[in-house]
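The sequence shown lines up with residues 1 to 137 when you count with full-length UniProt numbering.
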Amino acid sequence: MTVPDLLATEPERFLTEFFASLTEDVLSGDDDPGGPVDRHFTPDIVQISDGIALTRERLVAHMRPVRRNAVECRYEMHEVLAVGSRVAARFTLHARMRKGRTLATEVHFIGDFAPDGRMRRAHQLTRALPGPVEGER
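Quick look at the structure:
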């Protein structure tokens, strides 16, 4: 199935698989994080995250601490809508960190994808969710 077909028929699956693939590529690799960025984002990517513009170079720089600190990430999709190559979604990112801490982040995302499945533009707003109650895991 082509990327445009998948976006038209199964946008939640497309977005879940995109982020899962990116995460696996970043966390399992020990090469330069530029490789995973280039495989998942177009060269002219601009991702505005909480008002901060991330170009390819800034995404590569962002991936270094992610690789160093995170051991697992899971994406819980709540709503996903797609029109053509554009996707709007609300999801929760659950991340387990190397030192055992678990983080949950609510994400409101609007993105545009190239026909090959790479992200070319995105805007997202994030909010850290409260952690588990003391003693819970």
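We put the CB at the ideal spot given by N, CA and C, even for glycine. Treat the numbers as computed from the prediction; the structure is a model and nothing was measured.
Sort the options by Cα distance to residue i and report the nearest one.
| i | options | result |
| --- | --- | --- |
| Leu6 | Val66, Pro130, Gly84 and Ala88 | Gly84 |
| Arg98 | Asp112, Thr92 and Val71 | Val71 |
| Phe19 | Asp50, Arg121, Ala53 and Cys73 | Cys73 |
| Ser28 | Asn69, Leu93, Glu79 and Ala88 | Asn69 |
| Ile45 | Thr102, Glu106 and Arg58 | Arg58 |
| Glu79 | Glu106, Arg101, Thr23 and Ala61 | Glu106 |
| Thr92 | Ala61, Gln124 and His62 | Gln124 |
According to DSSP, which residues form a beta bridge with residue i?
| i | result |
| --- | --- |
| Asp112 | Arg86 and Arg121 |
| Met63 | BP columns for Met63 are empty, so no partner. |
| Arg74 | His94 |
| Ala104 | His94 |
Indicate whether residue i and residue j have their beta-carbon atoms separated by less than 8 angstroms.
| i | j | result |
| --- | --- | --- |
| Leu81 | Ala104 | no |
| Thr9 | Tyr75 | no |
| Glu12 | Met77 | yes |
| Val66 | Val26 | yes |
| Asp50 | Thr126 | yes |
| Ala88 | Ile52 | no |
| Leu54 | His40 | no |
Below 8 angstroms on the Cβ atoms is my contact criterion, and I expect residue i with residue j to pass it. Report the Cβ-Cβ distance as a whole number of Å.
| i | j | result |
| --- | --- | --- |
| His108 | Arg96 | The Cβ separation is near 23 angstroms, so there is no contact. |
| Pro43 | Arg56 | 6 angstroms |
| Gln47 | Ala122 | 4 angstroms |
| Arg86 | Asp112 | 5 angstroms |
Mind listing, in chain order, the continuous alpha helix (DSSP H) runs of no fewer than 4 residues lying wholly within the stretch 1 to 67? Restricted to the stretch 1 to 67, the alpha helix (DSSP H) segments that are unbroken, complete and at least 4 residues in length are 3 to 9, 11 to 28 and 34 to 40, listed in chain order.
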